[in-house]
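Residue numbers (our numbering), protein chains in the order written: chain X, 135 to 387; chain B, 135 to 387.
Note that the Cβ used here is the ideal one computed from N, Cα and C, for glycine as well.
The structure displayed is predicted, hence computed values, not measured ones.
2 protein chains.
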Amino acid sequence: MEQDTIIYGKNAVIEALEAGNRTFNKILISSGAHKDVKIEKIKELAKANGIVFQFVNIQKLNQIEPEGRHQGVIAQIAPVKYTDLDDFIEKHRGKTASVVILDGVEDSHNVGAIIRSCVCAGVDGIILPSRRGVLINPTVEKTSAGAINHISIIKVNSLVNTVQRLKENNWWVIASDHHAKDNYYDVDYTDMNFALIMGAEHAGISKSLLKLADFVIKIPMLTNFNSLNVSNAAAIILFERCRQIIKSKTNGK
Amino acid sequence: MEQDTIIYGKNAVIEALEAGNRTFNKILISSGAHKDVKIEKIKELAKANGIVFQFVNIQKLNQIEPEGRHQGVIAQIAPVKYTDLDDFIEKHRGKTASVVILDGVEDSHNVGAIIRSCVCAGVDGIILPSRRGVLINPTVEKTSAGAINHISIIKVNSLVNTVQRLKENNWWVIASDHHAKDNYYDVDYTDMNFALIMGAEHAGISKSLLKLADFVIKIPMLTNFNSLNVSNAAAIILFERCRQIIKSKTNGK
């Protein structure tokens, strides 16, 4: 059995309680945090769901999360459940589904922010390689602001095999690379199963994946300072897709 | 005279050396970091610009930047020079310039990431209130990946007065607020002096500023999870403006 993980911060704990798809072991609340509205909400949600909460000395919380970003609340919960790639593909067969593939993104804050944007932009899944980049950890949970509970997380051994599987199942694979010729807004995303590959912060997307992509796109800049943060780059592309989908629905009416 | 600040990390130091608009006091390099290509580049750039560099024990660097993200390099430099609002307005009179106003953004990583996106998107300035949110600090410098040296930084006492000054000088003020009726992509940004206000992480934009805005816009989502990170939201709007400007130039040819 896998060990418990933690999530911390008031909003992250509330989000996970409300999402209802995580298994809570226990919620630890700083005994100095009694009267806060959000703490009250956490207590109510815990009671309603039969989850144990316990008031502890703040030092105990500081031991568990030494960087002091816990805001007086830490929940001990079962790790996020990963979704099987084949199950994910099967579930979304024949739909206009979407997934983001992270090719070795190393910063937990970036992974969390990307998951957050994905959920806002209606993305159905996120694919992480098991041996490169970060997997889901407490910082990713915190930075995702609870978004992690609203998206399928798929952990795979080989991204090359994964992209091949997606292509065999009629997904279109888009790779973001700043050497590309085509602009991200010149692709029509409205009627496809959409898989977007984002590369690692410094190395970018590996060549073996770039070769497999149906479209390689860039985000054109207005200056020569060509250095977007990977989570910002992902947001720009995902919301261009949103814009196109919303516009096409409006025009279709 | 203001005290020196520090910047750390190989790329941040190289960027600042190349930008050439910062006053360096000294560069400290870990004596264990001799053979690295980027360290060599830092040494060359320092020599070419008559800047002292000094090899020190890594413990010394850890004392100055205790979180250990210095990658073996710390530069002691004069603080970033703030630009006067009136000078900024004067310089950009009659042009299609752009500025981003941060109304109390509290997370240094967000401020750094926003500055980075601003420079990529050709934004000319960033306005920070002197008493709310963060100002430029070493984390902002680091997260901006050197972008901070390519944009005017304007520190003001009152954002209300600032927005009024901009409006008097024919700038259009756009406020991002998720309660807005209009979508960000339905405004034509191609031919205006553009001032975008982004609100604090939790509180959003203050009411007194919202009232002054010429346009209040939202980023429509594909789900009910309405919680974009502020730097991602800024990137989405700024790159929609980029998209429009690039498209209008291409169509005009």
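| Check | Outcome |
| --- | --- |
| Anticipated Cβ contact below 8 Å, Leu-343/B with Lys-301/B, distance rounded | At roughly 12 Å, the Cβ-Cβ gap does not stay under 8 Å, so Leu-343/B and Lys-301/B are not in contact. |
| Residues bridged to Gln-188/X [DSSP beta-bridge criterion] | Leu-162/X |
| Pairwise C-alpha distance: Glu-149/B and Ala-281/B | 8 Å |
| is_contact[Gly-256/B, chain X] using C-beta, thresh 8 Å | yes |
| Simplified DSSP assignment, three categories, for Val-350/B | strand |
| For Tyr-216/X, three-class secondary structure by DSSP | coil |
| Residues from the stretch 345-359 of chain X in contact with chain B, defined by Cβ distance under 7 Å | Ile-353, Pro-354, Met-355, Leu-356, Thr-357, Phe-359 |
| Span separating the alpha-carbon of Cys-376/B from that of His-226/B | 18 Å |
| Unbroken stretches of the alpha helix (DSSP H), 4 residues or longer, contained in the stretch 207-276 of chain B | 219-225, 242-254 |
| Coil, strand or helix - Tyr-318/B by DSSP | helix |
| Assumed close pair Lys-289/X, Leu-262/X - CB separation to whole angstroms, cut-off 8 Å | 5 Å |
| Start-to-end residues for the alpha helix (DSSP H) that takes in Lys-301/B | 293-302 |
| Residues that Ser-365/B contacts on chain X, provided the C-beta gap is smaller than 9 Å | Ala-247, Asn-363, Ser-365, Asn-366, Ala-369 |
| Leu-151/B CB to nearest heavy atom of the ligand NAP below 7 Å | By its list of ligands, the structure shown contains no ligand whatsoever, and the ligand NAP lies outside what it can speak to. |
| For Val-307/B, the residue or residues it bridges with in DSSP | Ala-329/B |
| Length of the line joining the Cα atoms of Arg-265/B and Asn-291/B | 7 Å |
| Any C-beta of chain X under 8 Å from that of Ser-251/B | yes |
| C-beta neighbour in chain B for Tyr-323/X, strict 8 Å | no |
| Simplified DSSP assignment, three categories, for Ala-334/B | strand |
| Cβ of Phe-373/B within 8 Å of any chain X Cβ | yes |
| Alpha carbon of Leu-151/X to alpha carbon of Arg-250/X, nearest angstrom | 17 Å |
| Lys-289/X: first and last residue of the uninterrupted beta strand (DSSP E) it sits in | 286-290 |
| Members of the stretch 271-292 of chain B that neighbour chain X once the beta carbon cut-off is set at 7 Å | Ala-279, Ala-281, His-284 |
| Interface positions of the stretch 302-320 of chain B facing chain X (Cβ-Cβ less than 8 Å), listed along the chain | Asn-317, Tyr-319 |
| Pair within 8 Å by beta-carbon distance, Ala-314/B and Lys-341/B | no |
| Outcome for Glu-174/B when other beta-carbon atoms lying within 10 angstroms are tallied against a minimum of 16 | exposed |
| is_contact[Ile-260/X, chain B] using C-beta, thresh 8 Å | no |
| DSSP beta-bridge partners of Thr-139/X | Ile-211/X |
| Chain X contact residues for His-226/B, given Cβ-Cβ distances below 7 Å | Within 7 Å Cβ-Cβ: nothing; His-226/B doesn't reach chain X, min ~15 Å. |
| Of the residues Gln-205/B, His-312/B, Lys-144/B, the one placed nearest Phe-349/B, counting alpha carbons only | His-312/B |
| Stretch pair the stretch 205-215 of chain X + the stretch 232-241 of chain X: three plus CB contacts closer than 8 Å | no |
| Run of the alpha helix (DSSP H) containing Glu-152/X, from where it starts to where it stops | 144-153 |
| CA-to-CA distance, Ile-380/B to Asn-366/B, given in whole angstroms | 21 Å |
| Chain B contact for Arg-299/X (CB, 8 Å cutoff) | no |
| Nearest-angstrom Cβ-Cβ length linking Ile-211/X and Thr-157/X, presumed shorter than 8 Å | 6 Å |
| Contacts of Ile-379/X in chain B (Cβ-Cβ under 9 Å) | Leu-356 |
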